[in-house]
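Q: Okay, here's the structure, questions in a sec.
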Amino acid sequence: MGGVLELYPINGSATVEREGISASLVKDIRNYFQISPEYFSMLLVGKDGNVKSWYPSPMWSMAIIYDLVDSMQLRRQEMAIQQSLGMRCPEDEYGGYGYHHHGYHDGYQDGYHQGYGY
345 MGGVLELYPI
355 NGSATVEREG
365 ISASLVKDIR
375 NYFQISPEYF
385 SMLLVGKDGN
395 VKSWYPSPMW
405 SMAIIYDLVD
415 SMQLRRQEMA
425 IQQSLGMRCP
435 EDEYGGYGYH
445 HHGYHDGYQD
455 GYHQGYGY
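Offset between the sequence shown (1-based) and the numbering used here: plus 344.
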């Protein structure tokens, strides 16, 4: 059975890109991360290719994911560059997710959620 790779935009908009992935790639990913085919897993992978967070069930609040991404070093560098260029995401783009820019960072340190032991 194949799978779906979902790519969420960093600006919080509702546009999500979905790409089908082959059954052999799903098997390779599950083997690499040692995930049984009987279990759901959602992984947040950083631009550096490392797993930043691992969720055993679907995440219903993308605000948590966006805050985690915003706490990562590469993203902080991007935001600094964007700010220096006067670039800014409209606030209303986050409204659909209940996103609050400074609400979820308490449990995160250096891009890793403390509850997951990373």
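Where a beta carbon is used, it is the ideal one built from N, C-alpha and C, also for glycine.
1. Near V348, what residues of its chain come up, given a Cβ to Cβ distance below 8 Å and the 5 sequence neighbours on each side ignored?
2. Between L369 and L388, is the Cβ-Cβ spacing less than 8 Å?
3. Which runs of the alpha helix (DSSP H), 4 residues or longer, sit entirely within the stretch 399-432?
4. Select from G430, M386, S380, Y376 the residue whose C-alpha is nearest the C-alpha of M406.
5. Taking all protein chains shown into account, do 16 or more other C-beta atoms lie within 10 angstroms of the C-beta of D372, making it buried, or fewer, making it exposed?
6. According to DSSP, simplified to helix, strand and coil, what is V389?
A: Reading from the atomic positions:
1. On the sequence shown, residue 348 is found 4 positions in, with the first residue counted as 1. The residues R362, E363, G364, I365, in chain order, have a CB closer than 8 Å to that of V348 in the same chain once the five nearest residues on each side in sequence are set aside.
2. One-based indexing of the sequence shown puts residue 369 at position 25. One-based indexing of the sequence shown puts residue 388 at position 44. Cβ atoms of L369 and L388: not closer than 8 Å.
3. 406-414, 417-428
4. In the sequence shown, counting from the first residue as 1, residue 406 sits at position 62. When each option's Cα is compared against that of M406, the closest is M386.
5. As a position in the sequence shown, residue 372 is number 28, starting the count at 1. The residue is exposed, with fewer than 16 neighbouring Cβ atoms inside 10 Å.
6. Counting from one through the sequence shown, the residue named residue 389 turns up at place 45. Residue state, collapsed to three classes: strand.
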